Amino acid sequence: MNPETSRFFKIPSTYTKLISIALTAASITHGFSISCINQKTRICSRNKLHLFLACASILSEILRVAIYLEWFHGHVFCPKDSNSVETSMWKQIMMFYFVEAVTIITVIKGILLWRQDEMETLTKACFDFELLINVMATSSIPVHEVYKSTTCGSPNYVSLKSVVIVFIFLGTSLGIPFMGLVLSLWMPCMPPLFTMGMRSCESWGGNGGLSLTIKIILGLFESYNFSAICGPLIYAMLGFLYYPTLLLEAWLKLLQREILNLPSIAVQYRLAQSFSNLTNFVLRTPIMSMILGWAMMAEVTTLYVFMTAQNLPYAVVVYMGAMATNMFILIQVVFRALSVPYLTSRKFARCQGQPRGKWLSKFLRSCSPLKVSVGDGNFFDRLTSLVISNMCLDMLITLLLTEA
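Each residue of the sequence shown is one higher than the last, beginning at 11 in the working numbering.
Laid out in structure tokens, this is it:
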């Protein structure tokens with residue numbers, strides 16, 4: 011398939027515009043320490059309003075966790091009514107997920123608050139790196155002259171699959187706040203809303219006795235909060251993981267294309283190494299481990315609720331269905347894509363079928379593979395997503411045995 015065209019729509023010539031729109035949607039609330047609006051990156055330490063919104067978002071999430079814990083106290087550990095029906099196991103698991111998920115996100119936001127300078131550097135480096143790749147891919151002159159070129163043409167490194175995944179990130183950024191608004195209007199007593207803690211909420215399906223005006227106000231508030239909660243995860247996974255992975259793959263393939271004509275171009279592999287090191291530095295322990303933990307918890311929770319619960323509220327079905335779909339794509343597609351830099355760099359170092367001189371052979375032996383760190387000393391390879399899926403399955407079986 012021609013990378014520029016499809017039967018249904020025209021594939022963008024670069025990732026830049028689409029990534030910029032997705033990062034804008036994820037950070038437009040300024041609910042965490044960095045924002046990227048139309049490729050203009052800003053960190054909260056340079057703007058008092060941004061800093062206030064980021065800190066206020068963290069405080070609101072702490073309050074949200076306190077409301078969830080109060081639910082456990084009143085419905086599981088110390089029921090207010092001794093004659094009340096025991097709370098369903100699926101509700102307890104679902105609430106436990108909300109507690110852990112919001113806690114993980116809050117901790118990540120706190121860590122990113124201290125790493126905002128590195129995040130700003132990486133975000134700008136991504137856009138600059140793609141600009142270089144774009145010029146290199148569209149130029150008809152030798153790659154060693156590409157730094158002097160401004161030639162425009164049709165790059166061929168953008169794939170349909172990658173564009174679809176970026177659209178999914180974008181849809182999630184826009185869909186989650188909308189879900190918060192709809193849920194507030196429809197079922198204001200349903201978790202994970204703030205209003206579930208109201209005394210007038212006797213069940214998750216109640217309306218709390220709220221007027222339509224109050225529901226709209228609370229819905230807009232929850233919409234903002236949902237965006238601020240999920241924004242840092244989407245920004246990190248797209249801007250610091252998936253986008254750099256796409257750029258590294260494109261860069262290495264372009265170097266492989268040119269190495270026949272100009273063996274000395276192999277030294278540009280060091281640029282890919284520096285870029286990869288910057289990515290791993292921003293997402294160093296414990297952020298990557300937390301993202302993996304959150305994804306696994308979400309997948310296990312959704313599968314468990316669907317397999318064990320009866321007569322689920324429609325809102326829960328929609329929410330859990332959307333989350334299960336997103337987690338499946340994240341684990342099976344995005345995490346698998348994170349192994350591409352490792353596989354492509356190993357292929358580049360071997361340079362099969364390419365004539366080698368002594369210098370080139372020696373240099374290629376010094377090229378260590380590019381690795382996206384998992385956070386515990388390991389890295390993403392071809393089997394990582396399968397291992398994660400097996401771990402999710404083991405946890406799900408354990409929960410099902412506990413229920414039995």
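Glycine residues also receive a C-beta, built at the ideal position from the N, C-alpha and C atoms.
A quick note: this is a predicted structure, and the numbers were derived from the prediction, not measured.
Do the stretch 319 to 335 and the stretch 189 to 197 meet, that is, are 3 or more Cβ pairs less than 8 Å apart? yes
Could you check whether the stretch 75 to 88 touches the stretch 201 to 214, counting it as contact only if at least three pairs of C-beta atoms, one from each stretch, sit closer than 8 Å? yes
Chain C beta carbons: is any one of them nearer than 8 Å to that of Ser45? Given the protein chain composition of this structure (a single chain), no chain C is represented.
DSSP state of Ile224, grouped into three classes? Mapped onto the sequence shown, residue 224 falls at position 214. Ile224 falls in the helix class under three-state DSSP.
Using the rule of at least 16 other Cβ atoms within 10 Å of the residue's Cβ for burial, across every protein chain shown, is Ile407 buried or exposed? Mapped onto the sequence shown, residue 407 falls at position 397. Flag for Ile407 reads exposed.
Through-space distance from Ile244 to Arg2, alpha-carbon basis: The structure shown does not extend to residue 2, since the chain is modelled only from 11 through 414, so no value can be given for it.
Determine, using beta-carbon pairs with one atom in the stretch 211 to 228 and one in the stretch 241 to 256, whether at least three such pairs fall under 8 Å. Fewer than three Cβ pairs drawn from the stretch 211 to 228 and the stretch 241 to 256 lie within less than 8 Å of each other, which leaves the two stretches out of contact.
Express the C-alpha separation of Thr51 and His60 in angstroms, rounding to a whole number. The residue labelled residue 60 in the question sits at position 50 within the sequence shown. The residue labelled residue 51 in the question sits at position 41 within the sequence shown. Between His60 and Thr51, the C-alpha separation is close to 12 Å.
Check for me: the alpha helix (DSSP H) holding Ile29 runs from which residue to which? Reading the sequence shown from its first residue, position 19 is the one you call residue 29. According to the DSSP assignment, Ile29 belongs to the alpha helix (DSSP H) that extends over 26 to 37.
Please report how far the alpha carbon of Thr26 lies from the alpha carbon of Ile297, in whole angstroms. Mapped onto the sequence shown, residue 26 falls at position 16. Mapped onto the sequence shown, residue 297 falls at position 287. Spanning the two alpha carbons is a distance of roughly 25 Å.
Of the choices Thr394, Met146, Leu265, Phe316, whose alpha-carbon is the least far from that of Ala332? On the sequence shown, position 322 is the one that residue 332 refers to. Considering only alpha carbons, the answer is Phe316.
When Gly367, Leu411, Asn336 are compared against Val174, the one with the closest alpha-carbon: Reading the sequence shown from its first residue, position 164 is the one you call residue 174. Considering only Gly367, Leu411, Asn336, the residue with the shortest C-alpha distance to Val174 is Asn336.
For Cys240, count the other beta carbons within 10 Å of its own beta carbon; 16 or more makes it buried, fewer makes it exposed. Which is it? Reading the sequence shown from its first residue, position 230 is the one you call residue 240. Looking at its Cβ environment, which holds 16 or more other Cβ atoms inside 10 Å, Cys240 is buried.
Could you pull out every residue in the same chain whose Cβ sits closer than 8 Å to the Cβ of Pro323, ignoring the five residues on either side in sequence? In the sequence shown, the residue the question calls residue 323 occupies position 313. Correct list, in chain order: Met197, Met200, Trp214, Gly215.
Assumed close pair Gly41, Leu63 - CB separation to whole angstroms, cut-off 8 Å: In the sequence shown, residue 41 corresponds to position 31, counting from 1. In the sequence shown, residue 63 corresponds to position 53, counting from 1. Confirmed, about 6 Å.
Own chain residues within Cβ distance below 8 Å of Leu132, not counting five before or after: Position 122 of the sequence shown, counted from the first residue, corresponds to residue 132. Closer than 8 Å at Cβ, skipping near neighbours: Gly249, Phe250, Pro254, Leu288, Thr289, Val292.
Thr51 (DSSP reduced to helix, strand or coil): On the sequence shown, residue 51 is found 41 positions in, with the first residue counted as 1. In this structure, Thr51 counts as strand in the three-state DSSP scheme.
Please state whether DSSP places Cys199 in a helix, a strand or coil. Numbered from 1 along the sequence shown, position 189 holds the residue referred to as residue 199. DSSP places Cys199 in coil when its eight states are reduced to three.
When the Cα atoms are used, what is the spatial distance from Arg360 to Thr354? Translated into the one-based positions of the sequence shown, residue 360 becomes position 350. Translated into the one-based positions of the sequence shown, residue 354 becomes position 344. Their backbone Cα atoms lie some 10 Å apart in a straight line.
Pull up the distance between the alpha-carbon of Phe373 and that of Ser37, whole angstroms please. Translated into positions along the sequence shown, residue 373 becomes position 363. Translated into positions along the sequence shown, residue 37 becomes position 27. Roughly 41 Å between the two C-alpha positions.
Identify every run of the beta strand (DSSP E) within the stretch 281 to 348, keeping only runs that are complete inside it and at least 3 residues long; order them along the chain. Here no run is fully enclosed.
Taking only three categories from DSSP, how would you classify Cys46? Numbered from 1 along the sequence shown, position 36 holds the residue referred to as residue 46. In the structure shown, Cys46 sits in a strand (DSSP, three-state: E or B).
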